[in-house]
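Here's the structure, in structure tokens; my notes come after.
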Amino acid sequence: MERRLTSDFSAARIHLERAYHYLRGSDETSRTACDALDLLIEMVAEAQHKRSEAGVLEFPQSTARRTA
38 MERRLTSDFS
48 AARIHLERAY
58 HYLRGSDETS
68 RTACDALDLL
78 IEMVAEAQHK
88 RSEAGVLEFP
98 QSTARRTA
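Read left to right, the sequence shown gives residues 38 to 105 (this note's numbering).
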């Protein structure tokens, strides 16, 4: 049986933003890492606020219309 794992996007985003904050250096490695973290933070934020797909409910249709 496969178990579906759920992610805590809110917590992940906090940790990624903290890592970004710690990389204050002006060296090439720090800038490259911050660029990559920017992309990750954006992806996690989008996933965090993504709405789950809603199903469509089909209502039974009556065969005769009611008249007022």
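We treat Cβ as the ideally placed atom computed from N, Cα and C, and that holds for glycine. Predicted, not measured: the structure shown is a model, and the values here were computed from it.
| Per DSSP, what kind of secondary structure is L94 in: helix, strand or coil? | Sequence index remark: in the sequence shown, residue 94 carries index 57 (1-based). Under the three-state reduction of DSSP output, L94 falls in the coil class, being neither helix nor strand.
| query | Pick from R40, G92, A84, Y59: whose alpha carbon is nearest that of R50? | reply | As a first step, residue 50 must be located in the sequence shown, where it is residue number 13. Its Cα nearest to that of R50, the residue A84 stands out among R40, G92, A84, Y59.
| Considering only residues of the same chain and omitting the five flanking positions on each side of S47, which have a CB-CB separation below 7 angstroms? | Residue 47 sits at position 10 when you count from the first residue of the sequence shown. Excluding residues within five positions, the ones whose Cβ falls inside 7 angstroms are Q85.
| L53 classed as buried or exposed, judged by whether at least 16 other C-beta atoms fall within 10 angstroms | Working through the sequence shown from its first residue, we reach residue 53 at position 16. L53 should be labelled buried.
| task | For the alpha helix (DSSP H) containing R50, list its first residue and its last residue. | result | The residue given as residue 50 occupies position 13 in the sequence shown. Looking at the DSSP string, the run of the alpha helix (DSSP H) that includes R50 is 46–59.
| query | Straight-line CA distance for T66 to V93? | reply | Within the sequence shown, the letter at position 29 stands for residue 66. Within the sequence shown, the letter at position 56 stands for residue 93. Between T66 and V93, the C-alpha separation is close to 49 angstroms.
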